[in-house]
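Numbering (the numbering used here), first residue to last: 363 to 596.
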């Protein structure tokens, strides 16, 4: 198998043992499909609060997956369309969607495809890629079951990932004091008052950063119940 990567602006082949040595901020997308009339997918760039950089995505489904990863406190770096995998003997090539760096120094390879669009050859490629990742002691994840409700919730929350929604000392103290407490979002909103930032914005920022845990598989409403984790953010 060969691995083609665009590193420091130069396309080159690397060995499997070199993947773990890549600095993800220096990895550029190995491919960016051109736009054309009638194209099914909407592509663009997503600004990540985790990396402070823009990352290319090839579909809105990929953008949702990026939002999920951007909220994950274990994720510290992201590269999208990081390399091209080529198995000459099998006559197969594959472009994994993301390469993720995590806080413990490990890496995660990610593919993104709605389950209804996964064909037999896709499933085979994902399985081969997962096995290859495992041989390098890397993890593999397939995003295939993101729902429209989860996408709607993340689109709402992602507007509050920016640094302007800071967790002030009074907010951090409130969260620490209420660790484990469960309330509706309507009740939690009143707890975020008394700062220079709108209480509702801080409430949504707290959900984005995981200070409040709520079921994102259900549409967020004021009567949704959230549990305080006791930690702030920033």
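Just so it is clear, CB atoms sit at the ideal spot from N, CA and C, and this is done for glycine as well.
Please read all numbers here as calculations on a predicted model, not as lab measurements.
**Prompt:** For the 8 Å Cβ check, are there 3 or more pairs between the segment 519 to 537 and the segment 482 to 497?
**Reply:** no
**Cβ pair residue 467, residue 439 closer than 7 Å** = no
**Message:** For the beta strand (DSSP E) containing residue 505, name the first residue and the last one.
**Reply:** 501 to 505
**Request:** May I ask you to list the residues that DSSP assigns as paired with residue 408?
**Result:** 417
**Item:** Ordered list of beta strand (DSSP E) runs contained in the segment 434 to 481, each at least 3 residues
**Value:** 437 to 442, 445 to 449, 454 to 456, 460 to 464 and 469 to 474
**Reduced DSSP secondary structure (H/G/I, E/B, other) of residue 491** = helix
**Asked** When you compare each of 443, 434 and 518 to residue 510 by their alpha carbons, which one comes out closest?
**Response** Checked all of 443, 434 and 518; the closest Cα to residue 510 is 518.
**Asked** So what does DSSP say about residue 528, is it helix, strand or coil?
**Response** coil
**Message:** Measuring alpha carbon to alpha carbon, tell me which residue in 458, 568 and 475 is nearest residue 381.
**Reply:** 458
**Request:** Determine the direct distance from the alpha carbon of residue 455 to that of residue 391, and round the result to whole angstroms.
**Result:** 16 Å
**Inter-residue Cα distance where the pair is residue 377 and residue 503** = Their backbone Cα atoms lie some 22 Å apart in a straight line.
**Message:** Once the 5 residues before and after residue 527 are set aside, which same chain residues still bring their CB inside 7 Å of it?
**Reply:** 559, 563, 564 and 567
**Asked** If you count every other CB in all the chains shown that lies within 10 Å of the CB of residue 445, and 16 or more means buried, which is it?
**Response** buried
**Message:** I need the boundaries of the beta strand (DSSP E) containing residue 372, first residue and last residue.
**Reply:** Under the DSSP assignment, residue 372 falls in the beta strand (DSSP E) whose first and last residues are 372 to 376.
**Message:** Only counting the same chain, and skipping five residues up and downstream in sequence, which positions put a Cβ closer than 6 Å to that of residue 363?
**Reply:** 449
**Prompt:** Taking the DSSP output, what are the residues bridged to residue 588?
**Reply:** Its beta-bridge partners are 545.
**Prompt:** What are the boundary residues of the alpha helix (DSSP H) that residue 512 is part of?
**Reply:** Taken as a continuous stretch (DSSP letters only), the alpha helix (DSSP H) holding residue 512 covers 510 to 520.
**Item:** Through-space distance from residue 394 to residue 548, alpha-carbon basis
**Value:** 43 Å
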